[in-house]
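Number of protein chains: 2
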Amino acid sequence: MQLTNDKMDQILLNFLARYVILSEEEQNVIIDLAIFKSFKKGTILLKEGQLSKDAYFVLQGCIRCYYMVDTEEKTTAFYTESETLNPPGVLNHTPSEYYVDCLEDSILIVASSETDEELFAKYPILEKLCRLVSEDLHSKSQIAFDNFKISTPEQRYLNLLEIRPDLAQRIPQYYLASYLGITPQSLSRMRKRLVRKAS
Amino acid sequence: MQLTNDKMDQILLNFLARYVILSEEEQNVIIDLAIFKSFKKGTILLKEGQLSKDAYFVLQGCIRCYYMVDTEEKTTAFYTESETLNPPGVLNHTPSEYYVDCLEDSILIVASSETDEELFAKYPILEKLCRLVSEDLHSKSQIAFDNFKISTPEQRYLNLLEIRPDLAQRIPQYYLASYLGITPQSLSRMRKRLVRKAS
DNA sequence: ATCGCTTCTTAACTTAAGGTAACGAGTTTA
DNA sequence: TAAACTCGTTACCTTAAGTTAAGAAGCGAT
Chain A
5 MQLTNDKMDQ
15 ILLNFLARYV
25 ILSEEEQNVI
35 IDLAIFKSFK
45 KGTILLKEGQ
55 LSKDAYFVLQ
65 GCIRCYYMVD
75 TEEKTTAFYT
85 ESETLNPPGV
95 LNHTPSEYYV
105 DCLEDSILIV
115 ASSETDEELF
125 AKYPILEKLC
135 RLVSEDLHSK
145 SQIAFDNFKI
155 STPEQRYLNL
165 LEIRPDLAQR
175 IPQYYLASYL
185 GITPQSLSRM
195 RKRLVRKAS
Chain B
5 MQLTNDKMDQ
15 ILLNFLARYV
25 ILSEEEQNVI
35 IDLAIFKSFK
45 KGTILLKEGQ
55 LSKDAYFVLQ
65 GCIRCYYMVD
75 TEEKTTAFYT
85 ESETLNPPGV
95 LNHTPSEYYV
105 DCLEDSILIV
115 ASSETDEELF
125 AKYPILEKLC
135 RLVSEDLHSK
145 SQIAFDNFKI
155 STPEQRYLNL
165 LEIRPDLAQR
175 IPQYYLASYL
185 GITPQSLSRM
195 RKRLVRKAS
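In order, the protein sequence lines correspond to chains A and B. Sequential numbering of the first sequence, starting at 5, is according to the working numbering. Sequential numbering of the second sequence, starting at 5, is according to the working numbering.
Take a look at the structure:
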């Protein structure tokens with residue numbers, strides 16, 4: 005599927021409209037700032053040790069965060085359409101502890117956080133927007149963390165199927181397993197167990 | 005230990021100074037807004053199903069978030085001195101899914117998020133402050149989530165001892181166990197295993 | 001067509017966590 | 001003082017995850 009520039013603008017504006025009402029001018033400022041980039045599946049957007057200054061908003065495709073622990077990839081997050089990855093380094097200027105790569109061909113908005121200060125002074129509503137988005141992301145991430153903690157791997161898998169059924173379809177099972185905190189073998193066994201239970 | 009009002013103000017201002025430089029006037033506005041409250045150990049600050057409009061900043065003591073799953077408490081967070089709990093309900097007006105209680109006699113700042121709008125209009129730096137605090141909390145919570153996910157219960161315990169050694173001292177072990185995602189019995193066994201390994 | 005790569009599955013064995021129950025030390029309450 | 005409660009530990013058995021190894025299905029590339 006091909007996305008026109010107009011459509012991409014619209015996806016972004018729809019997302020922002022969840023938080024604040026923007027004037028035509030403010031919308032244009034944002035659209036002008038937004039840098040749309042395409043990436044091939046497998047592209048590494050951020051490596052451990054790199055200083056990331058960019059936030060990523062997913063227009064199409066899927067990106068993934070993972071840590072390298074010894075020789076093993078530990079996947080901690082997937083971001084798909086209209087989701088935002090804002091690596092910590094953007095704020096505190098420390099090198100990234102994880103990798104980010106594209107699991108599919110993806111179109112992203114790459115938002116550099118450099119020019120923000122003057123912009124916020126000129127358009128205070130953008131500061132409000134950032135506050136609201138950040139509060140919302142924080143709250144969602146808290147809830148996700150809580151759910152993860154209070155669940156067993158099996159409940160986490162069932163929960164994933166329920167709230168993000170798309171992921172189970174589009175993402176290889178061994179990434180999912182890592183995301184659930186178990187090995188691919190365990191996930192495979194678990195699925196068999198679940199089928200047995202269901203019948 | 006007894007805290008004077010001046011000391012409490014100072015703790016709060018020290019915290020805020022990590023994020024922005026505030027004028028005397030702005031500091032006074034915040035101090036005037038801050039409501040200091042004392043709570044006895046065991047006090048329940050928030051119940052599942054309640055709509056919370058308050059954020060809590062801990063001046064002294066310790067509060068804890070937990071879910072009731074069937075008849076079991078699942079502890080997901082502890083907040084101690086200079087830490088902030090901002091329940092999701094403040095934003096999205098949904099009832100809380102968890103409980104909050106005091107594990108110790110505590111002095112908290114209870115911040116109602118009602119008056120914020122006019123205030124932000126008058127003092128834009130307060131909006132910036134909230135944005136920065138929120139981004140920081142989000143980033144920290146992300147990292148904590150990641151660390152939790154990529155660790156085994158044992159690593160989580162060792163990590164806790166390292167980065168929050170105070171908690172292991174002041175918090176009963178069965179709350180810690182729940183927080184680590186295991187039963188008190190498993191934690192007890194694990195500690196024995198670790199001693200055996202160490203020697 | 002064959003090779004290599006990715007992805008999922010199965011199996012056998014080991015390790016550690018869960019469930020249940022019981023005990024004991026320390027503290028609070030009646 | 002006795003009873004109740006809190007908190008940590010230990011034991012026994014069960015369940016499920018980790019480890020290692022192997023195999024099979026699907027896919028793309030040469």
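Ideal Cβ placement from N, Cα and C applies to all residues, glycine included.
Annotated three-state conformation of A/Glu-76 is strand, per DSSP.
When Cβ-Cβ separations below 8 Å define contact, B/Ile-147 makes contact with chain A. Residues of the stretch 165–192 of chain A whose Cβ lies closer than 7 Å to any Cβ of chain B, in chain order: Gly-185. Using a Cβ distance threshold of 8 Å, A/Val-62 and A/Leu-112 count as a contacting pair. When the beta-carbon positions are compared, A/Leu-50 and A/Tyr-103 come within less than 8 Å of each other. For A/Ile-167, the enclosing alpha helix (DSSP H) covers residues 157–167. By the Cβ criterion, the stretch 174–188 of chain A is in contact with the stretch 157–164 of chain A, since at least three pairs of Cβ atoms, one from each stretch, lie closer than 8 Å. Below 8 Å, enough C-beta pairs join the stretch 54–70 of chain A and the stretch 10–19 of chain A to call them touching: three or more. For A/Asp-58, the enclosing beta strand (DSSP E) begins and ends at 58–64. The three-state reading of DSSP puts A/Val-24 in coil, since its state is none of H, G, I, E or B. The alpha-carbon of A/Gly-53 is positioned some 45 Å away from that of A/Lys-201. Taking a beta-carbon distance threshold of 8 Å, B/Val-73 counts as an interface residue toward chain A. In the DSSP secondary-structure assignment, A/Val-104 is bridged to A/Leu-50 and A/Cys-69. The residues Glu-52 and Tyr-71, in chain order, have a CB closer than 7 Å to that of A/Glu-101 in the same chain once the five nearest residues on each side in sequence are set aside. Taking the C-beta atoms as reference points, B/Val-137 is found no nearer than 8 Å to B/Tyr-60.
In chain A, no part has a C-beta under 7 Å from the C-beta of B/Arg-22; the shortest such distance is about 11 Å.
Listed along chain B, the residues sitting closer than 9 Å to A/Asp-150 by beta-carbon distance are Cys-69, Tyr-71, Lys-78, Thr-80, Ala-81, Glu-101 and Tyr-102. Closest option to B/Arg-168, judged by alpha-carbon separation, among B/Pro-91, B/Leu-191, B/Ala-81 and B/Glu-121: B/Ala-81.
Closer than 7 Å at the C-beta level to chain A, one finds no residue of the stretch 25–36 of chain B. Counting along the chain, no alpha helix (DSSP H) covers A/Leu-55, and no H or E run does either.
Sequence-ordered contacts of the stretch 126–142 of chain A with chain B read Pro-128, Glu-131, Lys-132, Cys-134, Arg-135, Ser-138, Glu-139, Asp-140, Leu-141 and His-142 [C-beta pairs closer than 7 Å]. Here the alpha carbons of B/Ala-125 and B/Ile-35 stand approximately 18 Å from one another. At least one beta carbon of chain A lies nearer than 8 Å to the beta carbon of B/Pro-92.
Against chain A, the CB of B/Lys-51 has no partner CB under 8 Å away; the residue lies outside that interface. The three-state reading of DSSP puts B/Leu-180 in helix, counting H, G and I together.
Using a CB distance cut-off of 8 Å, B/Lys-11 does not count as an interface residue toward chain A.
The alpha carbon of B/Cys-69 has as its nearest neighbour, out of A/Pro-99, A/Ile-154, A/Ala-38 and A/Tyr-127, the alpha carbon of A/Ile-154.
Boundaries of the alpha helix (DSSP H) harbouring B/Leu-136: 128–153, taken from the DSSP string. For A/Lys-44, the secondary structure class from DSSP, reduced to helix, strand or coil, is coil.
Straight through space, the alpha carbons of A/Tyr-83 and A/Thr-47 are spaced by roughly 15 Å.
With fewer than 16 other CB atoms across the displayed protein chains lying within 10 angstroms of its CB, A/Glu-29 is exposed. Judged by beta-carbon spacing, A/Pro-128 lies within the 8 Å limit of B/Pro-128, meaning their Cβ atoms are closer than that value. Taking a beta-carbon distance threshold of 8 Å, A/Ile-154 counts as an interface residue toward chain B.
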